[in-house]
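Numbering (the UniProt record's numbering), first residue to last: 1 to 337.
All residues carry an ideal CB built from backbone N, CA and C; glycine is no exception.
Below is one structure, written out as structure tokens; the observations come after it.
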């Protein structure tokens, strides 16, 4: 009689599927790693018994290096950046996705030399299973550190002049173009822009979208009035714009904070919104709804940005090959235009 064919060994993916958990959770259970709930641990152990799974020694050795932590690194100016509504939503989205994979979120601020050195140490020592990077500026050393790191790194937005392999971004050019086209459709012919920092990709991209729309309408774009995405900088940029170009009848602000600041300056200058000057922002933060008047804005899926960054990072940690992702935007019309 012919010998029975050898039984195929079960895989870790099959164990994870049988247990109803992610591959990374199953791996951590098999290696007695922390940060796994009792219910999931028991489900994995039950699946191992049912499938007769035998861990591969080499894979097991690699898996024991996991820390159960994913880091979100923000190249911001000060710790208060984490209180910004934008980053708060990103954190909520990322936390939810990491919780599904039983990974803990570590927040890191890399504004100072000391902060960057801590992040560099994190990358070199593999103090986390993976890293998400946000708010990078032109020639930021963090981009180089990320390229040299021997761990998964996902970018939230693309660095200026760089094309990372893995990133999640928003259609900043398209959203800014739609915002400017909206102002033009309202009969505005002298539309200016308060842009974000031009040493960031988001600042460049949103001004580019504004410029494309104005040129397509056969008009001349105004030089950018640069802000730093805060309300005071938007107010100051609007004041400078009125001093240099009092004829302006439409303003695209590259985020809602600066848009709210622009509204404050226009009100102080006795300009009616939208009768004299129409204003459109970007982000669709809460400040846009409570502004006076409520601010027309470009909605971007901020929480989804954090969620998709985290999901992409988890996929990389699990040995998959995700592709870059661009999230769509849409215009929200309110009283300011």
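{"Asked": "Residue 247 in three-state terms, based on DSSP", "Found": "coil"}
{"Asked": "Terminal residues of the alpha helix (DSSP H) in which residue 330 lies", "Found": "Here residue 330 belongs to no alpha helix (DSSP H); instead the beta strand (DSSP E) covers 330-332."}
{"Asked": "Exposure label - residue 223; buried when at least 16 CB within 10 Å", "Found": "exposed"}
{"Asked": "Contact set for residue 255: own chain, Cβ-Cβ below 7 angstroms, skip 5 residues either direction", "Found": "196, 229, 281, 282 and 283"}
{"Asked": "Opposing strand residues paired with residue 281 [DSSP bridges]", "Found": "DSSP lists no partner for residue 281."}
{"Asked": "Coarse secondary structure for residue 58, derived from DSSP in three states", "Found": "Any answer about residue 58 is weak, because its pLDDT of 46 lies below 50 and its placement is not dependable; what the coordinates show is given next. Looking at residue 58 - three-state DSSP - the assignment turns out to be helix."}
{"Asked": "Residue 157 versus residue 201: straight-line alpha-carbon distance, rounded", "Found": "8 angstroms"}
{"Asked": "Rounded C-alpha distance that separates residue 218 from residue 246", "Found": "21 angstroms"}
{"Asked": "Three-state secondary structure (DSSP) of residue 187", "Found": "coil"}
{"Asked": "Per DSSP, the bridge partner or partners of residue 130", "Found": "70"}
{"Asked": "Between the CA atoms of residue 123 and residue 205 - distance to the nearest angstrom", "Found": "29 angstroms"}
{"Asked": "Residue 90 - containing alpha helix (DSSP H), residue span", "Found": "85-100"}
{"Asked": "Spatially closest choice to residue 286 from 154, 300 and 278, by CA coordinates", "Found": "300"}
{"Asked": "Cα-Cα separation, residue 169 to residue 161", "Found": "15 angstroms"}
{"Asked": "First through last residue of the alpha helix (DSSP H) which encompasses residue 309", "Found": "302-317"}
{"Asked": "In chain order, each alpha helix (DSSP H) run of at least 4 residues that lies wholly inside the stretch 199-233", "Found": "201-216"}
{"Asked": "N- and C-terminal bounds of the alpha helix (DSSP H) containing residue 11", "Found": "Taken as a continuous stretch (DSSP letters only), residue 11 belongs to no alpha helix (DSSP H), as it is neither H nor E."}
{"Asked": "Nearest to residue 308 (by Cα), restricted to the options 100, 194, 258 and 239", "Found": "100"}
{"Asked": "Inter-residue Cα distance where the pair is residue 297 and residue 278", "Found": "12 angstroms"}
{"Asked": "Boundaries of the alpha helix (DSSP H) in which residue 156 is found, first to last residue", "Found": "Where residue 156 is concerned, there is no enclosing alpha helix (DSSP H), although the beta strand (DSSP E) it sits in stretches over 153-156."}
{"Asked": "Rounded Cβ spacing between residue 25 and residue 102 (contact assumed at less than 8 angstroms)", "Found": "5 angstroms"}
{"Asked": "Reduced DSSP category for residue 103 - H, G, I as helix; E, B as strand; rest coil", "Found": "coil"}
{"Asked": "Beta strand (DSSP E) segment containing residue 169, residue limits", "Found": "167-170"}
{"Asked": "Straight-line gap, residue 249 to residue 183 (C-alpha atoms, nearest Å)", "Found": "9 angstroms"}
{"Asked": "Candidates 337, 268, 118 and 11: closest to residue 179 by CA position", "Found": "337"}
{"Asked": "7 angstroms Cβ cutoff, residue 291 in contact with chain D", "Found": "The structure shown contains no chain D; it holds only a single protein chain."}
{"Asked": "Distance, residue 252 Cα to residue 221 Cα", "Found": "11 angstroms"}
{"Asked": "Where residue 128 falls, given that 16 or more other Cβ within 10 Å makes a residue buried", "Found": "buried"}
{"Asked": "When 328, 334, 203 and 311 are compared against residue 23, the one with the closest alpha-carbon", "Found": "311"}
{"Asked": "Buried versus exposed call for residue 112 [16 or more other C-beta atoms within 10 Å across all chains shown]", "Found": "exposed"}
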